[in-house]
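For what it's worth, this note's numbering labels the leading residue of the sequence shown as 11, then goes sequentially. The beta carbon of each residue, even a glycine, is placed where N, CA and C say it ideally should be. Take a look at the structure set out below.
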Amino acid sequence: MAQDSGAPEPDDKLHDECGVFGVWAPGRDVARMTYFALRALQHRGQESAGIAVGDGKTVLVRKDLGLVTQVFSDADLAAMPGHVACGHCRYGTAGAKGWEAAQPHLSTINNVIIALAHNGTLVNFDDLRRELIDMAIPFRSNTDSEVAAKLIGYFTQRGHRLRTGIAHTMRMIEGGYAMVLVRENALYAFRDPHGIRPLVLGRLGDGGWVVASETCALDISGATFVREIEPGEIIRISDDGLRSERGCRPLTPANCIFEHVYFSRPDSVKDGSSFYLMRHRMGARLAQEAPVEADLVISVPDSGTPAAEGFAQESGIPFGTGLIKNRYVARTFIQPTPELRQMGVRLKLNALPDVVRGKRLVMVDDSVVRGTTSLQIVRMLKEAGATEVHVRSASPMVTWPCFYGIDTANQDQLIAANMDLEQIRSRLEADSVAFLSTEGLFACVPPNGYCTACFTGAYPVQIPRSFYEEKFLPGYEPNNLAPASKTSQMTLVQAEELLGQEG
Ligand code: SF4
11 MAQDSGAPEP DDKLHDECGV FGVWAPGRDV ARMTYFALRA LQHRGQESAG IAVGDGKTVL
71 VRKDLGLVTQ VFSDADLAAM PGHVACGHCR YGTAGAKGWE AAQPHLSTIN NVIIALAHNG
131 TLVNFDDLRR ELIDMAIPFR SNTDSEVAAK LIGYFTQRGH RLRTGIAHTM RMIEGGYAMV
191 LVRENALYAF RDPHGIRPLV LGRLGDGGWV VASETCALDI SGATFVREIE PGEIIRISDD
251 GLRSERGCRP LTPANCIFEH VYFSRPDSVK DGSSFYLMRH RMGARLAQEA PVEADLVISV
311 PDSGTPAAEG FAQESGIPFG TGLIKNRYVA RTFIQPTPEL RQMGVRLKLN ALPDVVRGKR
371 LVMVDDSVVR GTTSLQIVRM LKEAGATEVH VRSASPMVTW PCFYGIDTAN QDQLIAANMD
431 LEQIRSRLEA DSVAFLSTEG LFACVPPNGY CTACFTGAYP VQIPRSFYEE KFLPGYEPNN
491 LAPASKTSQM TLVQAEELLG QEG
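See below:
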């Protein structure tokens with residue numbers, strides 16, 4: 011059932027915008043497999059959900075606003091037989107709400123129907139969309155994902171095969187993306203050349219394949235992790251088996267480091283290590299970098315818990331439960347008055363006076379982005395009788411907005427971009443505050459190439475000025491590491507001619 015969940019509360023978290031999943035499994039109930047995988051990925055997006063199924067003849071899509079469990083009934087899933095499917099759950103952002111923005115996006119190329127599920131953001135989609143509209147190509151939404159779907163159609167229609175159309179599209183689009191696409195008889199998956207957004211490949215015991223944003227979706231499908239989809243790679247899975255080819259040249263690896271801090275589920279695995287373990291290490295490192303005399307370490311549940319456990323273990327201060335989370339509140343909303351805003355936080359969290367009364371607390375959270383929720387929690391703990399509250403963030407200071415698929419505030423709303431440490435402490439009404447250092451964070455994650463732009467301003471993909479102008483504080487200029495690619499600077503017609511010459 012359609013449901014408008016309201017505007018997201020400007021809380022202390024960055025929000026991933028989507029989770030994607032794909033499955034190729036003839037003889038299996040692929041719609042139901044996708045449903046359960048999307049439930050495992052629900053933390054990546056709660057505003058809409060959708061599933062597309064290919065049955066050898068056509069592609070059927072069902073999508074709507076709401077949680078996965080609200081969008082699909084048993085009867086819906088039973089009415090979607092097939093052997094290939096993709097699914098999507100989405101965290102909506104301003105300007106791209108509503109049913110039309112829900113995914114997978116359906117497109118027709120000649121007589122072939124495709125459905126596309128996208129996690130990420132394309133930073134040059136405005137220009138591409140304008141060009142496509144000038145060519146009388148119609149749009150149903152203003153999303154970058156629909157631009158990608160239409161581009162794939164554009165290039166495929168001009169005499170190329172679908173995977174060549176995908177490859178041509180990958181050379182035109184800029185940004186962070188992990189995409190899964192189905193047609194009636196095949197599954198495709200492809201990833202941006204820096205590997206900013208995650209995408210993993212798994213094998214089912216009976217010979218099928220799955221792809222997903224995180225390994226937790228492989229686990230629920232009964233699939234074994236095979237490998238990551240490589241940056242710039244396209245894989246195609248059909249009756250002919252799995253084929254891999256290069257869609258575009260891989261560039262300097264820039265995996266989103268915030269997946270390690272917060273986005274990914276703690277039981278998902280990356281580079282051989284669970285995110286739980288990495289976050290535990292972040293907490294331990296934070297205890298070394300910012301020790302404090304206290305009686306009890308508590309977490310902001312649930313996302314702060316692994317780091318709080320690590321902090322407690324390293325510091326020797328006991329770990330306790332000082333805050334209880336209401337597990338049935340997925341999101342809260344913008345509230346017009348401070349009193350109602352306070353209620354918004356209390357909807358999600360409540361203090362345990364019996365535990366915190368008379369104690370000096372270390373309150374560990376995975377990150378402190380705006381500071382709004384942290385302030386409410388500190389007040390709540392003090393009202394419950396805590397004598398001191400020392401705030402510890404297991405991520406470095408977030409000082410720059412993200413443009414690659416994460417819903418970030420404008421820079422003027424990021425507390426660390428506007429205040430020094432003492433001002434932050436005072437704003438949060440805390441007794442002390444500390445953030446993990448960037449070096450400390452690197453020491454806790456496997457050696458890899460990372461995007462750290464939200465901490466450092468070093469953006470791995472050039473951001474067009476039109477895209478960011480209003481996001482930065484006066485005087486802040488992004489430090490773009492890489493200029494946009496040559497092909498993405500071309501018009502569609504120029505690119506088509508060049509790519510035609512290349513064969
Ligand atoms: S800017 Fe931050 S949140 Fe965005 S992709 Fe880079 S590391 Fe991830």
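- In the three-state DSSP reduction, Leu138 falls in the helix class (H, G or I).
- In this structure, Ala463 has its CB closer than 6 Å to one or more heavy atoms of the ligand SF4.
- Trp410 and Lys481 have their C-alpha atoms some 9 Å from each other.
- Collapsing the DSSP output to three states places His170 in coil.
- Taking all protein chains in view, the Cβ of Gly175 is crowded by 16 or more other Cβ atoms within 10 Å, so the residue is classified as buried.
- Per DSSP, Arg437 lies in no beta strand (DSSP E) segment; the continuous alpha helix (DSSP H) that holds it begins and ends at 431-438.
- For Tyr478, the CB stays at least 6 Å from every heavy atom of the ligand SF4.
- Exclusion of the five residues before and after Val236 leaves Leu211, Gly212, Arg213 as the residues of its chain whose Cβ lies within less than 7 Å of its Cβ.
- A distance below 6 Å between beta-carbons, with the five flanking residues on each side excluded, links Ser58 to the following residues of its chain, in chain order: Leu75, Arg100, Ala112.
- Classified as buried, Ala127 has 16 or more neighbouring CB atoms from the shown chains inside 10 Å of its CB.
- Taking non-hydrogen atoms of the ligand SF4 into account, the C-beta of Phe268 is found less than 6 Å away from one of them.
- Residue pairing by DSSP puts Glu238 in a beta bridge opposite Val210.
- Remark: C-beta atoms of Thr131 and Tyr414 approach each other more closely than 7 Å.
- In this chain, Ile147 is not harboured by any beta strand (DSSP E), its DSSP state being neither H nor E.
- In its chain, beyond the 5 residues on either side, Cys226, Ala227, Ile230 have a beta carbon closer than 7 Å to the beta carbon of Ala50.
- Here the alpha carbon of Leu296 sits roughly 41 Å from the alpha carbon of Gly108.
- Taking a C-beta distance under 7 Å as the contact criterion, Ala444 and Arg402 qualify as a contact pair.
- A straight line joining the alpha-carbon of Tyr164 with that of Thr383 spans about 45 Å.
- Our two residues, Gly29 and Gly368, have alpha carbons roughly 43 Å apart in a direct line.
- The stretch 117-127 makes contact with the stretch 62-75; the number of CB pairs closer than 8 Å reaches 3 or more.
- Contact between Pro456 and Asp202 does not hold, since their C-beta atoms are separated by about 20 Å, which reaches or exceeds 8 Å.
- Between the stretch 429-436 and the stretch 238-247, the count of C-beta pairs closer than 8 Å stays below three; the two stretches do not touch.
- Its chain contains Gln113, His115, Leu126, His128 as the residues whose beta carbon lies nearer than 7 Å to that of Ser155, once the 5 sequence neighbours on both sides are disregarded; these appear in chain order.
- For the alpha helix (DSSP H) assignment, the uninterrupted runs of no fewer than 4 residues enclosed by the stretch 279-365 are, from N- to C-terminal side, 285-299, 315-325, 348-358.
- Apart from sequence neighbours up to five positions away, the residues of its chain that approach Ile327 with a beta-carbon distance below 6 Å are Ala304, Val307, ordered along the chain.
- By the C-beta density criterion, Asn336 is exposed, having fewer than 16 other C-beta atoms within 10 angstroms.
- DSSP, reduced to helix, strand and coil, places Glu480 within a helical segment of the structure shown.
- The beta carbon of Tyr478 sits closer than 7 Å to the beta carbons of Phe413, Pro488 from its chain, once the five residues preceding and following it are set aside; these are given in chain order.
- Sequence-distant Cβ neighbours of Ile239 in its own chain, meaning closer than 8 Å and more than five residues away, are Ala188, Ala199, Phe200, Arg201, Leu209, Val210, Leu211, Val221, Ile245.
- The nearest non-hydrogen atom of the ligand SF4 is 6 Å or more from the C-beta of Tyr164.
- Within the stretch 377-462, complete alpha helix (DSSP H) segments of at least 4 residues are found at 382-393, 425-428, 431-438, 448-454, given in chain order.
- Between the ligand SF4 and the CB of Ile206, the shortest heavy atom gap is smaller than 6 Å.
- Taking the CA atoms as reference points, Arg253 sits about 12 Å from Trp219.
- Of the heavy atoms belonging to the ligand SF4, none sits nearer than 6 Å to the Cβ of Ile473.
- A direct Cα-to-Cα measurement between Tyr486 and Phe149 gives close to 34 Å.
- In this structure, DSSP gives Leu132 an extended state, which the three-state scheme calls strand.
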